[in-house]
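All remarks here apply to the structure that follows.
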Amino acid sequence: MEGRRERKKQQTRQAISDVATALFLERGFDAVTVAEVARAADVAVQTVFNHFPTKEDLFFDEQGWWQGPARAIRAASDGSDPVDLLEAYYLGEIRERLEAGHLATWKQFVRTIEGSPALLARRRLNAAEMETLLTEALAERDPDHLTSRLIAAQYAAAQKVLEEELIRLLPDEATAGQLKQVQAALEQAVGQVFGVLRHGLSGELV
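Residue numbers for the sequence shown follow the working numbering, so the first one is 1 and each next one is one higher.
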C-alpha cells in the first residue's frame, strides 16, 4: 500500500510537471528555464532535478508512449496475437488521453516539439528506444528476430501515421463535442492502419 510520504512525493512531481507543461506550451521549450519552472511551482531547483533528471524529462513526462507497447506485450498471454495486442494498447492510450484532456492540447504539444531541436532529438531517441524495447518483448514470445523487428518497426510507423492523422483531424481549438468526433474518427483510422499491418498491403481487409 502506498504510504503518505510516497503520495506526497508523487503529488509534488505531478505539480511540477503540470506547471512545466503549461509554461512550455505557452512560451516554447527553449524559452523556459528550469529555474523558472521551480519558481512557478514554488519548489527549489534541486527539487525539480530530484524528480526530473533533465529539462527534457520535464516535457516528456509520460513514459508510457515508448515503454508501454513492450509492457503490453509482456503482460499478455503467450497465445495472443501481437498486432491485436498493440492495436488494443493504442486504442486504450487514445481513450486515456481524451479523458485526461491531452487530445485538446495535442497540436500545441507537437508544435512545441517542432520548435525545439532538443525536444526533436529527444523524441527520436525515445522512438528508437520504443522499437528496441518492443523488439525485445516480441522476441521473448517468438525467437524469429526478423519478425519481431519488423512488427516493432511497423508499429512505430503506424504510430507516426496516426499521430499525423490526429493533427489533421484536430481543430486548433476543439470543443468537447469536436474532441469526441475526433476520437471516433481516429479510432476508425486505427482500425484501418492496424488492418493493413494485420493483413499486409496486398491483403484483403476484413
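No residue lacks a Cβ here, since even glycine has one placed at the ideal position from N, Cα and C. Being a predicted model, the structure only gives us computed values, none of them experimental.
Environment of residue 131 [buried if 16+ CB atoms lie within 10 Å]: buried
Could I get the ranges of all uninterrupted alpha helix (DSSP H) runs contained in the stretch 122-180, with 4 residues as the minimum, in chain order? 145-169
Best match in 108, 188, 126, 184 for proximity to residue 66 [C-alpha to C-alpha]: 126
Own chain, CB closer than 7 angstroms to residue 149, minus 5 neighbours either side, in chain order: 135
Quick one: any contact between the stretch 17-32 and the stretch 107-124, if contact means 3 or more CB pairs under 8 angstroms? yes
Take the Cβ of residue 26 as the centre, count every other Cβ of all protein chains shown within 10 Å, and call the residue buried at 16 or more, exposed below. exposed
Here's the rule I'm using: 16 or more other beta-carbon atoms within 10 Å means buried, otherwise exposed. How should residue 137 be labelled? buried
Check whether the Cβ atoms of residue 158 and residue 197 lie closer than 8 angstroms to each other. yes
By the DSSP assignment, the alpha helix (DSSP H) with residue 43 in it spans what residues? Careful: residue 43 lies outside any alpha helix (DSSP H) and carries neither H nor E.
For residue 13, which residues from the same chain have a beta carbon less than 6 angstroms from its beta carbon, with the 5 sequence-adjacent residues on both sides left out? 51
If we ignore side chains and look at the alpha-carbon of each, how far apart do residue 124 and residue 57 end up? 14 angstroms
Helix, strand or coil for residue 69 per DSSP? helix
With distances taken Cα to Cα, identify the nearest neighbour of residue 70 among 87, 61, 96. 87
C-alpha distance - residue 171 paired with residue 3, whole-angstrom precision: 42 angstroms
How far does the alpha helix (DSSP H) with residue 99 in it reach, from first residue to last? 82-100
What separation, rounded to the nearest whole angstrom, lies between the Cα atoms of residue 93 and residue 20? 22 angstroms
Give me the Cα-Cα distance between residue 82 and residue 151, rounded to the nearest whole angstrom. 8 angstroms
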